[in-house]
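Taking it in order: structure first as structure tokens, then the write-up.
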Amino acid sequence: MPLLDPVTMSSPVGKGKAGEVPKPRDGEIPTQAARIIASSQAQVVRHLHPVLLLSLFLLGFNALVADPVATMSSSLPIVVAIQAVYAITCLPAAGSQTAKPAKKLRPGEKKKAGSESTGPNIAVTTLVALVLSAIATLGLHVILVLFGAPFLTHVSHTFLCSAHLAILGLFPLFYTRGVSSKDWLEILSAHAPFDEAFGGLVGACLGAWLGAVPIPLDWDREWQKWPVTILCGVYAGYLMGKLLGGTALFGNRFC
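Residue numbers (numbering that gives the first Met the number 0): 0 to 254.
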């Protein structure tokens, strides 16, 4: 009878070591909520951010009612700047969670070319997020029309309203999630974990939907014209969703 080697019997081919936990595949790793950067500067900007947006909107509300197109056009660059500073200071850039830290050099070891940290380029990430937000504005314009916005008239009103919705609700997500198909499938299917970015998008969309309620009412108020109440709902919903997404709902999912 042939002798059996106990060493080879104890570690069969194709099986891992005893007690070793198999690593999950990329598609099986659940998407994690984006945490605010842990720095005192990020905390200050995080709390100033909603105050600046709310103040900007309230100070320009009368002008918005009087001339929506001019007001939305003039305030949009300011909103872009506020969102960019907030994202750069407070949010982790896309790819930063998987970036490899720079390797420490041994005494006498020379630094090799390309050995630096493989973290994301903040300037490039911000620019790409802004470009994607501008492209998404066209899609949001179509969605607003499908939901009842004027089709042949008030085109500039609808487009600028879509631009504000894109820079508020989508820009932070483009900045933190990039163009990952897995992440955006979860976002579009409402299965992504809540954080400030995703909560802001959900709140902005719900606010825009609720903002349409006063428009057909027979109150004959100047502020009922398109798209004043929609924009009110976008800003109010974004700030509320951002707050809840970063606190009470953080890490939770719809299903």
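Backbone N, C-alpha and C define an ideal beta-carbon position, used for all residues, glycine too.
Where residue i sits in the DSSP three-state scheme
i    : result
I77  : helix
N251 : coil
P226 : coil
H46  : helix
R220 : coil
P215 : coil
F193 : coil
F150 : coil
P91  : coil
S72  : helix
I36  : coil
G118 : coil
G177 : coil
T157 : helix
Burial state of residue i, where buried means 16 or more other Cβ atoms lie within 10 Å
i    : result
F170 : buried
S10  : Note that S10 scores 46 on pLDDT, short of 50, meaning its location in the model is unreliable; the coordinates nonetheless yield the value given after this. It is exposed - the Cβ of S10 has fewer than 16 other Cβ atoms within 10 Å.
A195 : The question names Ala, but residue 195 is Glu in the sequence shown. Classification for E195: buried.
I28  : exposed
H46  : exposed
T124 : buried
A203 : buried
F56  : buried
Extent of the continuous alpha helix (DSSP H) to which residue i belongs
i    : result
A62  : 60 to 65
K181 : 180 to 187
V273 : With the chain covering 0 to 254 only, the question about residue 273 has no answer from this structure.
T246 : Run containing T246: none; DSSP gives neither H nor E here.
P29  : From DSSP, P29 is part of no alpha helix (DSSP H); its letter is neither H nor E.
Residue from the options whose Cα sits closest to the Cα of residue i
i    : options                : result
A165 : P149, L200, F146, D182 : L200
I134 : F173, H156, G118, A122 : F173
F253 : E221, I229, G198       : G198
G94  : T30, P49, L184         : T30
K241 : T136, F193, V144, L230 : F193
L90  : Q40, L51, V50          : Q40
P215 : G206, T228, C204       : T228
T152 : W225, G59, S179        : W225
A122 : V144, R220, T88, L238  : T88
S161 : E221, L53, Y234        : Y234
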